[in-house]
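**Student:** I have a structure I would like to understand better, so I am pasting it below and will then ask my questions one at a time.
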Amino acid sequence: MTGRGPLFPPDRQLDAAEIRRLLDRLSSHLREAGSAGHHLMIVGGAALALMWEDRTTHDVDVLLPDRSRAPQGPVPAARRTPSVDLISMRFTPEFARAARQVAEAEGLPRNWLNGAVAIFTPAGDLQPQVLHRSDCLTVEAPSATVLLAMKLHAARGKDLEDAARLARDAGISDPDEMLALVADAYGADAATAETSDFAERALSLALPQDSGQES
Numbered sequence: 041m042t043g044r045g046p047l048f049p050p051d052r053q054l055d056a057a058e059i060r061r062l063l064d065r066l067s068s069h070l071r072e073a074g075s076a077g078h079h080l081m082i083v084g085g086a087a088l089a090l091m092w093e094d095r096t097t098h099d100v101d102v103l104l105p106d107r108s109r110a111p112q113g114p115v116p117a118a119r120r121t122p123s124v125d126l127i128s129m130r131f132t133p134e135f136a137r138a139a140r141q142v143a144e145a146e147g148l149p150r151n152w153l154n155g156a157v158a159i160f161t162p163a164g165d166l167q168p169q170v171l172h173r174s175d176c177l178t179v180e181a182p183s184a185t186v187l188l189a190m191k192l193h194a195a196r197g198k199d200l201e202d203a204a205r206l207a208r209d210a211g212i213s214d215p216d217e218m219l220a221l222v223a224d225a226y227g228a229d230a231a232t233a234e235t236s237d238f239a240e241r242a243l244s245l246a247l248p249q250d251s252g253q254e255s
């Protein structure tokens, strides 16, 4: 017998409890390495799973700084954090090692912490909320409003129900307000006709459910 955990099938889904367990295991490896004070900013399905408890996802999307947003010239040492090296724009070696240990033990893909969404990092204040805390790791997500802006910007069919639910959570019922969120996060050019159509379809799902709820 080896220490390797169950091999997840390619289409496996992680619920909130499983995500927390994996994050706690990641924190344990960091503690064993004598490395503390780590932070992650997560988005996508993993953030929604921890917010709502009834959502699942196949990986954990992590916002890493986009190279295009990196400051020019020498970067002061203070910009290097325990989890994310803002100079290389990748996980620091000690954090990457701990993530790899979790992947190997759990039978997860090496990119179970997925930084590919970095290119969609919205501008401005992410309004972070803490979703999980372990000994060596604090996990945050942007506010429902910011997550909604990201879903609207992506405007994928599979995101429609999430966008509707985020609109309810954020108390938004005006499509123009939704377009303004996208413009603030990604620039005025991002608020396209496609975005407007997606916002209206999301609200058509959100509003009827609101009308049937008790105040």
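Reminder that position 109 of the sequence shown reads as 149 in this note's numbering, one-by-one numbering, no gaps. All C-beta atoms in this analysis are idealised placements derived from N, C-alpha and C, irrespective of residue type, glycine included.
Check this for me: beta carbons of L177 and H78, under 8 Å apart or not?
**Tutor:** Yes, the pair counts as a contact, with Cβ atoms nearer than the cut-off.
**Student:** Quick one: residues in its chain with C-beta nearer than 8 Å to the C-beta of S75, no 5 flanking neighbours on either side, listed in chain order?
**Tutor:** P122, E134, F135, A138 and C176
**Student:** Please go through the same chain and pick out, in chain order, the residues whose beta-carbon is closer than 7 Å to the beta-carbon of A239, but skip the five residues on each side of it.
**Tutor:** L192, P215, M218 and L219
**Student:** Give me the Cα-Cα distance between S236 and A189, rounded to the nearest whole angstrom.
**Tutor:** 12 Å
**Student:** Measuring only the C-alpha atoms, how far is N154 from D99?
**Tutor:** 7 Å
**Student:** May I have the straight-line CA-CA distance separating G227 from D64, to the nearest angstrom?
**Tutor:** 37 Å
**Student:** Which runs of the alpha helix (DSSP H) spanning at least 4 residues fall entirely within the segment 198-250, listed in chain order?
**Tutor:** 200-210 and 215-226
**Student:** Using the DSSP secondary-structure output, state which residues sit across from D101 in a beta bridge.
**Tutor:** Answer is V83 and N154, bridged to D101.
**Student:** Return the first residue and the last residue of the alpha helix (DSSP H) that A184 is part of.
**Tutor:** A184 to A194
**Student:** Please work out which residues of its chain come closer than 8 Å, Cβ to Cβ, to R173, disregarding the five sequence neighbours upstream and downstream, and give them in chain order.
**Tutor:** If we look at R173 and ignore the five residues flanking it on each side, its Cβ neighbours are V179.
**Student:** Going straight from the alpha carbon of A194 to that of D224, what length do you get?
**Tutor:** A194 and D224 have their C-alpha atoms roughly 15 Å apart.
**Student:** What's the gap between the Cα of T132 and the Cα of H69?
**Tutor:** 14 Å
**Student:** Alpha carbon to alpha carbon, how far is L88 from R205? Give it in angstroms, no decimals.
**Tutor:** 10 Å
**Student:** Which residue wins for smallest C-alpha separation from I82, given the options Q53, R52, R150 and L187?
**Tutor:** L187
**Student:** With 16 other CB atoms within 10 Å as the buried threshold, where does W152 fall?
**Tutor:** buried
**Student:** Relative to the C-alpha of R150, which candidate in A57, V222, D101 and E93 has its C-alpha closest?
**Tutor:** Minimum Cα distance to R150 is reached at D101.
**Student:** Which residue marks the beginning of the alpha helix (DSSP H) containing A56, and which one marks its end?
**Tutor:** Residues A56 to E72.
**Student:** May I have the straight-line CA-CA distance separating A56 from A86, to the nearest angstrom?
**Tutor:** Cα to Cα, A56 sits roughly 8 Å from A86.
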